[in-house]
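**Student:**
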Amino acid sequence: MSSLHTWAGLLLGWILYAMFLTGTVSYFKDELSQWMRPELPPLAQMPDQAVVAQRIADELGNIAPGTSQWSMRLPDARNNSVYAFWRTPTGNPGGRAFDEANFDPATGQKVTSRGTLGGEFFYRFHFQFHYMPVVWGRWIAGAAAMFMLVAIVSGIITHKKIFVDFFTFRWSKGQRSWLDAHNAFSVFGLPFHFMITYTGLVTLMALYMPWGERVAFKSPAEQQQLNAELSAFIQPGKPSGQKVPLASVEDMVRQAQERWGRENVGRVNAVHPGDAAARVAVTRGEAGRVSMSPQYIEFDGSTGKPLAVREHVGAAAETRGVLYALHLGRFSDTVTRWLYFLVSFMGTAMVGTGLVMWTVKRRQKLPDPDRPYFGFRLVERLNIACIAGLSIAMTAFLWANRLLPHPLEGRANWEIDLFFIVWALTLLHALVRPAKSAWVEQLWAASALLFLLPLLNAVTTQRPLWHSLTEGDWVFAGVDLMCWALAALHAVLAIRTARQQTGSQFRRKTSREAPTAVASGEAAG
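Residue numbers (my numbering): 3 to 527.
1. Quick one: what does DSSP say L392 is sitting in, helix, strand or coil?
2. Enumerate in chain order the residues of its own chain whose CB-to-CB distance from T8 is below 8 angstroms, with the five nearest sequence positions on each side excluded.
3. Check whether the stretch 199-217 and the stretch 132-147 are in contact - that is, three or more C-beta pairs closer than 8 angstroms.
4. List the residues that DSSP assigns as beta-bridge partners of T285.
5. Can you list, in chain order, the residues of its chain whose CB lies under 6 angstroms from that of A66, leaving out five sequence neighbours each side?
6. From this set, R39, T69, V282, which residue's C-alpha is nearest N82's C-alpha?
7. Could you compute how far the alpha carbon of V53 sits from the alpha carbon of S250?
8. Ordered along the chain, which non-local residues of its own chain (more than five positions away) have a Cβ less than 7 angstroms from that of L455?
9. Any idea what DSSP makes of E41, helix, strand or coil?
10. Please report the distance separating the alpha-carbon of D78 from that of R465.
11. Would R281 and E300 be called neighbours here (beta carbons separated by less than 8 angstroms)?
12. Are N1 and Y85 closer than 8 angstroms when you measure CB to CB?
13. Do you know how far the Cα of L433 is from the Cα of V461?
14. Report, in whole angstroms, the separation of the C-beta atoms of G191 and G349, which I expect to be a contact under 8 angstroms.
15. Exposed or buried, I236, counting other C-beta atoms within 10 Å across all chains shown (16 or more means buried)?
16. Leaving out five residues before and five after M254 in sequence, what residues of the same chain have Cβ atoms less than 7 angstroms from its Cβ?
17. Count Cβ pairs between the stretch 117-127 and the stretch 27-35 that sit closer than 8 angstroms; are there 3 or more?
18. For G68, is the classification buried or exposed, using 16 other Cβ atoms within 10 angstroms of its Cβ as the cut-off for buried?
19. V315 bridges to which residues according to DSSP?
20. Whose C-beta lies closer than 6 angstroms to the C-beta of R383 among residues of the same chain, with five residues either side of it excluded?
21. In chain order, what residues of the same chain lie with their CB nearer than 7 angstroms to the CB of F333, ignoring the 5 residues before and after it?
22. Compare the Cα-Cα distances from V315 to each of A230, L495, Q244 and report the closest residue.
23. Suppose you measure from the CA of F149 to the CA of T472; what does that come to, to the nearest Å?
24. Can you tell me where the alpha helix (DSSP H) with A145 in it begins and where it stops?
25. Give the single residue among A310, Q51, A493, S346 whose Cα lies nearest to the Cα of V442.
26. In chain order, what residues of the same chain have a beta carbon less than 7 angstroms from the beta carbon of S506, not counting five sequence neighbours either side?
27. Of the residues R498, L12, M3, which one's Cα is nearest the Cα of L357?
28. Among the candidates A440, P107, V113, whose CA atom is the shortest distance from the CA of T428?
29. Skipping 5 residues on each side, what residues in its chain have a beta carbon closer than 7 angstroms to that of Y200?
30. As a quick exercise: from V337, G214, L341, R261, pick the residue whose alpha carbon is nearest that of H195.
31. By a C-beta neighbour count over all protein chains shown, 10 Å radius and 16 as the cutoff for buried, is M21 buried or exposed?
32. Contact defined as beta carbons within less than 8 angstroms: I believe Q51 pairs with E265. What is the distance between those atoms, to the nearest angstrom?
33. Just tell me which of G474, E41, V477, L451 has its CA closest to the CA of L491.
34. Quick one: give me the first and last residue of the alpha helix (DSSP H) that N459 is part of.
35. State the CB to CB distance for the pair T90 and D101, rounded to an integer number of angstroms; the pair is presumed to be in contact (CB under 8 angstroms).
36. DSSP has N104 in a bridge; who is on the other side?
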């Protein structure tokens, strides 16, 4: 079990670390997206969701005529814009099945802010990565999550003093300190780590284990019933071919508000808008509801009459919905979201300390620590680039958001490309520099970039930290202050790493002290 724990944690540990860190940041992806679109002012007061829905529906009718499906996410306490996507006609020159954009809720027009994917990039990267087909990325994420589950269970079995070690931490003790840190981070958040790993697998269970579904639901009617249990997205059927204007979306949302509350409508989805066969689904928001099971009202799109109210699903679907909600944490208020962030950050540290401990433990056993074998050197360099280098790359992504020119074609993709370019450069740096020097230099680089980011924001936008604090704009102030907190953390790690002795230094010191110790022993005798 000890060997299983070690190798399950190591073989995909670098992928797991990236998944954990980007997933941790994703709990505040909406706030980060606001920070990355500084041209959009904060919402002074929550707009009427029904009025906003009608504005965006009218605009989608202008920019995407003939689309067979569109969906919009309405503004709420954490989103000051409306995100919408729509299906593109077959044979679109871009080759994309869907197009997407953010809209200003006050005007209904596409936002004029800089092009960026915002915090959504970290969220998508967390479970499907980038530069590869989405299905491949999700399969890799699933394999990594399964390895993590094995590492957690085997770690519990091999950990005999699981509660005692939680209260034990020995500073400046080399391998012992890394083990104590790994144990503390693991034990404190153990229920959360198990939950977040298992529920992560459950969210994509239909992809990983589709056979039961295929056997149980064979006919189109059964498949449609299953889709209604899991999602509020109406599957587009065949259009009638008879053009009929879409009924008032505002009235549909009003009916949903009467049922769920004025600010508790989440999305509006439509199929075949402008056709007699149009259908519209208005879904309930996620705040305060510990389940992702869909609750929605389905309307006839041509008349606006409600066709069905779906607020309950079966036991299996509800179980899946609760597990899904626990993983995403979208039901949470601000305090709960911070708890999610902190314990998930500890999970990131758990994976990181485990990777570092592998090298610390084996370095002492090397015949020549200055000339390690290839496998050890590979793990050591990957640790540097994955842990310290990822901090640099993620911060560089935010720097790119402030420095790239606004009219740049494909600006959002350039931000992502620069993220990976910088990350690749950190790996190159780790390969050509001595390990300890690479650790210290990259940790200091991450600290400097994080510390200077709020200053860059003050120079390049009209929303510096002092202005945000004065205006009570806690989204911008929170991101700036968090950058300084993380800068301090990376600086502490850099200082402690610089003071730590390498294996060869420890051996030389031991060899110098050995004759003195022997002589002292003889004198005492």
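We treat Cβ as the ideally placed atom computed from N, Cα and C, and that holds for glycine. Being a predicted model, the structure only gives us computed values, none of them experimental.
**Tutor:** Per the coordinate set shown:
1. Looking at L392 - three-state DSSP - the assignment turns out to be helix.
2. The beta carbon of T8 lies closer than 8 angstroms to those of W360 in the same chain, with the five residues before and after it left out.
3. Yes, the stretch 199-217 is in contact with the stretch 132-147.
4. R269, Y298.
5. Cβ contact annotation for A66 (same chain, cutoff 6 angstroms, sequence separation greater than five): W88, in chain order.
6. Looking from the CA of N82, the closest CA among R39, T69, V282 belongs to R39.
7. About 10 angstroms.
8. Beyond the five residues adjoining it in sequence on each side, L455 comes within less than 7 angstroms, by CB distance, of T397, L400, W401, C485 in the same chain, given in chain order.
9. Coil.
10. A straight-line Cα-Cα distance of about 21 angstroms links D78 and R465.
11. Going by C-beta atoms, R281 is nearer than 8 angstroms to E300.
12. Given that the chain is displayed from residue 3 to residue 527, the structure contains no residue 1 and the question cannot be resolved.
13. Near 35 angstroms, if we compare the C-alpha coordinates of L433 and V461.
14. So it is a contact: roughly 6 angstroms between Cβ atoms.
15. Result: buried.
16. If we look at M254 and ignore the five residues flanking it on each side, its Cβ neighbours are V282, V284, F301, G306.
17. Under the three-pair Cβ rule at 8 angstroms, the stretch 117-127 counts as touching the stretch 27-35.
18. Exposed is the call here.
19. Its beta-bridge partners do not exist; DSSP assigns none.
20. The answer, listed in chain order, is A432, L433.
21. Excluding residues within five positions, the ones whose Cβ falls inside 7 angstroms are E288, A289, G290, R291, V292, A327.
22. Nearest of A230, L495, Q244 to V315, Cα basis: A230.
23. Roughly 47 angstroms between the two C-alpha positions.
24. A145: member of the alpha helix (DSSP H) spanning 136-160, first to last residue.
25. Ranked by Cα distance from V442, the first of A310, Q51, A493, S346 is A493.
26. Model confidence at S506 stands at a pLDDT of 46, short of 50, so the residue's coordinates are unreliable and nothing is read from them.
27. Of R498, L12, M3, the residue nearest in Cα terms is L12.
28. Relative to the Cα of T428, the nearest Cα in the group A440, P107, V113 belongs to A440.
29. So the qualifying residues of the chain are L151.
30. Its Cα nearest to that of H195, the residue L341 stands out among V337, G214, L341, R261.
31. If you draw a 10 Å sphere on the C-beta of M21, you find 16 or more other C-beta atoms in it, and that means buried.
32. In this structure, Q51 and E265 form a Cβ contact; the two beta carbons are roughly 7 angstroms apart against a cut-off of 8 angstroms.
33. Among G474, E41, V477, L451, the Cα nearest to that of L491 is on L451.
34. Run containing N459: 437-462, per the alpha helix (DSSP H) assignment.
35. Right, the Cβ-Cβ distance comes to about 5 angstroms (below 8 angstroms), so this counts as a contact.
36. Beta-bridge partners assigned by DSSP to N104: Y85.
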